[in-house]
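Protein chains: 2
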Amino acid sequence: MDYKDFKKQYAATATDISRDVFFKNQGVMRIKKEKTAVTNLSKIFEAVFSITYNKGYQAMSMRDLSLKTGMSLGALYAYFPGKDELLAIMQTQAQAMVKGTLVKFSNAHKNPLEKLRSVIKAHIFLSELFRPWFYFTFMEARNLTPKGFDAVKSIEEHTQKIISDILVEGEETGVFKPGKHDLTACMIKAMQQEWYLKRWKYTKQKISVDQFTDHLLDMVEGFCRI
Amino acid sequence: MDYKDFKKQYAATATDISRDVFFKNQGVMRIKKEKTAVTNLSKIFEAVFSITYNKGYQAMSMRDLSLKTGMSLGALYAYFPGKDELLAIMQTQAQAMVKGTLVKFSNAHKNPLEKLRSVIKAHIFLSELFRPWFYFTFMEARNLTPKGFDAVKSIEEHTQKIISDILVEGEETGVFKPGKHDLTACMIKAMQQEWYLKRWKYTKQKISVDQFTDHLLDMVEGFCRI
DNA sequence: GTCTATACACAGATAGAC
DNA sequence: GTCTATCTGTGTATAGAC
Chain A
1 MDYKDFKKQY
11 AATATDISRD
21 VFFKNQGVMR
31 IKKEKTAVTN
41 LSKIFEAVFS
51 ITYNKGYQAM
61 SMRDLSLKTG
71 MSLGALYAYF
81 PGKDELLAIM
91 QTQAQAMVKG
101 TLVKFSNAHK
111 NPLEKLRSVI
121 KAHIFLSELF
131 RPWFYFTFME
141 ARNLTPKGFD
151 AVKSIEEHTQ
161 KIISDILVEG
171 EETGVFKPGK
181 HDLTACMIKA
191 MQQEWYLKRW
201 KYTKQKISVD
211 QFTDHLLDMV
221 EGFCRI
Chain B
1001 MDYKDFKKQY
1011 AATATDISRD
1021 VFFKNQGVMR
1031 IKKEKTAVTN
1041 LSKIFEAVFS
1051 ITYNKGYQAM
1061 SMRDLSLKTG
1071 MSLGALYAYF
1081 PGKDELLAIM
1091 QTQAQAMVKG
1101 TLVKFSNAHK
1111 NPLEKLRSVI
1121 KAHIFLSELF
1131 RPWFYFTFME
1141 ARNLTPKGFD
1151 AVKSIEEHTQ
1161 KIISDILVEG
1171 EETGVFKPGK
1181 HDLTACMIKA
1191 MQQEWYLKRW
1201 KYTKQKISVD
1211 QFTDHLLDMV
1221 EGFCRI
């Protein structure tokens, strides 16, 4: 599976995300028509990413957001109760996306080696497809309430455990060396994150997501396989 | 060399940093007495780290800083011209520390393998010794002016090149496998950063800086050595 | 649903007494 | 060197017309 295959298989778009957010947050949104809501939520998210990429969420003012979306301040507040809540909504959405995808790709294979490859690839490819969401989640995690920050940590531990479980399973079936699988899983996650945290570097060096992923897999297999 | 050895050898403290900042920025500081300046700069930096760790620099108000340091607003402005400039001063200082240390440890050995180990270790140990500085630099880099952000990128590329040069040299002398050394260097940097970006994880799992470093070196050597 | 106008809190920064 | 008091701009958020 390369990135192109993944995109076909996954087939989610920015619109799908906005629709998801709309249905999950109908309780707090004053907008009732799905089509209007989805269109404008997409505009809002895009604007948030574009503004915060260079200066962070706290530095983004509601007036910035109003200007970038072309919507008035009053209109914006019909889509979310306040600036803090918008952040929380976006973070929750991003977490749901990651959790769902990894479980799906982890169950797609039986063989531990294939499983490991599949999970590592799926995470990187997902982060490529929804890069702004991933970057945003990482960088703005600490602007959340303590409870929200705990949720982010919990996702991190969850995805780490998916990987270390595969390593343990592989050790038992004799394809992976024994070792500190928890630490290895942490390192793998660190390298995966590199892809969306330092994107400027790879754009500059003209390294594609497939090249990056293959290199990561080479390193991991070089270290783990018997 | 383990972390304990490094600390002895390096022997820098928070006070040394403040003194360094004082001498480098005498032009913009209204304080003239070294002792007063060093004491209060240390208080200021510590307060900045403590406040921004949970909410970022932009969200820290000068009143927060005044409260935490126990200094008045007026007093604070005698130490730096403005909030933005304080950020710039701190970033510049952090960059100088990294650059100086890596060059020093890279030149401490001739053998590429020893060199690689030394540089990787030095970076992690330095980030452990001045953890708040490293975390702060990474997380607040994008709050800088474009010029300041370029400086951060340039440091990143510089340290990456130190590593990839060692890998190339090792390939030539026959100790390392051929490969995409630039990409490998990026991965190594990603794993090094993991140590100070996700410190909560390792505190929780009770993993020491020496254990972490050894594991990273095992992975790198497993992949690179012939 | 979306707009304009505005309330009101709090930000960064400075002046001038001590 | 440090303080208190204060200026002025900008922030989030809302009310009410359309």
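Just so you know, the protein sequences line up as chains A and B, in that order. First residue of the first sequence? That's 1 in the numbering used here, and the numbers climb one at a time after it. First residue of the second sequence? That's 1001 in the numbering used here, and the numbers climb one at a time after it. Think of the CB as a built atom: it goes at the ideal place given N, C-alpha and C, for glycine as much as any other residue. Note that the coordinates shown come from a computational prediction; the quantities given were computed from them, not determined experimentally.
| Item | Value |
| --- | --- |
| Length at least 4, wholly inside the segment 1031–1096 of chain B: the alpha helix (DSSP H) runs in chain order | 1034–1055, 1062–1069 and 1073–1076 |
| Proximity winner among R19(A), K8(A) and K55(A), relative to I89(A) (alpha-carbon distances) | R19(A) |
| Every unbroken alpha helix (DSSP H) within the segment 99–178 of chain A, with a cutoff of 4 residues, ordered by chain | 112–129, 131–140 and 146–172 |
| D165(A) versus P112(A), M62(A) and F45(A), residue with shortest Cα-Cα distance | P112(A) |
| Straight-line Cα distance separating V1220(B) from I120(A) | 18 angstroms |
| Chain-order list of residues whose beta-carbon lies under 8 angstroms from that of E1156(B) (same chain, five-residue window excluded) | K1189 |
| Stretch pair the segment 128–146 of chain A + the segment 195–206 of chain A: three plus CB contacts closer than 8 angstroms | yes |
| Any C-beta of chain B under 7 angstroms from that of R142(A) | yes |
| 7 angstroms Cβ cutoff, G1056(B) in contact with chain A | yes |
| Where the alpha helix (DSSP H) containing M1029(B) begins and where it ends | That residue, M1029(B), is in no alpha helix (DSSP H); it is neither H nor E in DSSP. |
| I17(A) - containing alpha helix (DSSP H), residue span | A14 to K24 |
| Given 8 angstroms, three or more beta-carbon pairs between the segment 36–50 of chain A and the segment 59–66 of chain A | yes |
| Nonlocal neighbours in the same chain, by C-beta distance under 8 angstroms from T36(A), ignoring five residues either side | none |
| Option nearest K115(A) by Cα separation, candidates E169(A), K8(A) and D210(A) | E169(A) |
| Straight-line Cα distance separating L65(A) from R117(A) | 40 angstroms |
| Same chain only: Cβ atoms within 7 angstroms of K1083(B), ignoring 5 sequence neighbours per side | M1062 |
| Test: E1194(B) CB closer than 7 angstroms to a CB of chain A | yes |
| Alpha helix (DSSP H) runs wholly inside the segment 172–224 of chain A, at least 4 long, in chain order | 181–197, 199–204 and 209–224 |
| Local conformation of D2(A) per DSSP, three classes | coil |
| Residues that D182(A) contacts on chain B, provided the C-beta gap is smaller than 9 angstroms | Q1205 and I1207 |
| Proximity to E124(A) [Cα-Cα], best of K110(A), A141(A) and F105(A) | Here residue 124(A) is Ile; the residue named in the question, Glu, does not match the sequence. Of the listed residues, the one whose Cα sits closest to I124(A) is F105(A). |
| Between the CA atoms of L1076(B) and K1068(B) - distance to the nearest angstrom | 12 angstroms |
| Same chain only: Cβ atoms within 7 angstroms of S42(A), ignoring 5 sequence neighbours per side | A14, T15 and S18 |
| Distance between beta carbons of M1191(B) and M139(A), contact taken as under 8 angstroms | The pair is not a contact, with the Cβ atoms about 19 angstroms apart (cut-off 8 angstroms). |
| Whole-number beta carbon distance between I1207(B) and L183(A), since they are thought to touch under 8 angstroms | 7 angstroms |
| Within chain A, partners of L1216(B) - CB distance below 8 angstroms | M187 |
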